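Residue numbers (my numbering): 21 to 154. Virtual Cβ for every residue (Gly too), placed ideally from N, Cα, C. Because the structure is a prediction, the values reported are computed rather than measured. Worksheet: one structure, shown below.
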């Protein structure tokens with residue numbers, strides 16, 4: 021599944037580039053879902069191997085990232101590098117994708133967390149660059 025909607029001011033080239041970045045991150049890490057979302061919770065682009073509502077996933081990603089920013093700021097821990105949740109049925113990882121976006125992915129619990137973090141961080145940087153040009 022490709023973007024819910026094109027990024028504000030974005031064209032077909034940006035949408036294609038976002039889809040390529042998300043597709044590569046999914047393939048490299050066996051992600052079940054990956055979502056790029058604005059910090060206000062709107063979906064920028066999404067890919068899913070499982071049934072998941074992209075609007076809900078984007079809102080959750082923004083919520084998790086926002087809560088983590090408050091914790092980081094209040095405890096004077098500096099900027100967020102990554103957020104990792106380990107749940108009974110899998111892992112959820114979030115990284116920044118520029119000043120106004122977050123990249124959020126769902127992985128199987130037995131997946132390689134180091135590879136997931138590396139790939140997702142790389143994808144977040146690429147998405148930040150794509151969104152910066154808009």
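For residue 110, the uninterrupted beta strand (DSSP E) run begins and ends at 110 to 116, by DSSP. In this structure, residue 102 lies near residue 141, with their beta-carbon atoms less than 8 angstroms apart. In this structure, the straight-line span from the alpha carbon of residue 105 to that of residue 89 is close to 15 angstroms.
For residue 74, the enclosing alpha helix (DSSP H) has its first and last residue at 74 to 94.
Taking a contact as a CB-CB distance under 8 angstroms, the pair residue 41 and residue 77 does not count as one, their CB atoms being some 17 angstroms apart. DSSP places residue 58 within a strand segment (E or B) once states are collapsed to three. Buried is the label assigned to residue 143, since at least 16 other Cβ atoms lie within 10 Å of its Cβ.
By the beta-carbon neighbour count (other beta carbons within 10 angstroms, threshold 16), residue 99 is exposed. Bounds of any beta strand (DSSP E) do not take in residue 100, whose DSSP letter is neither H nor E.
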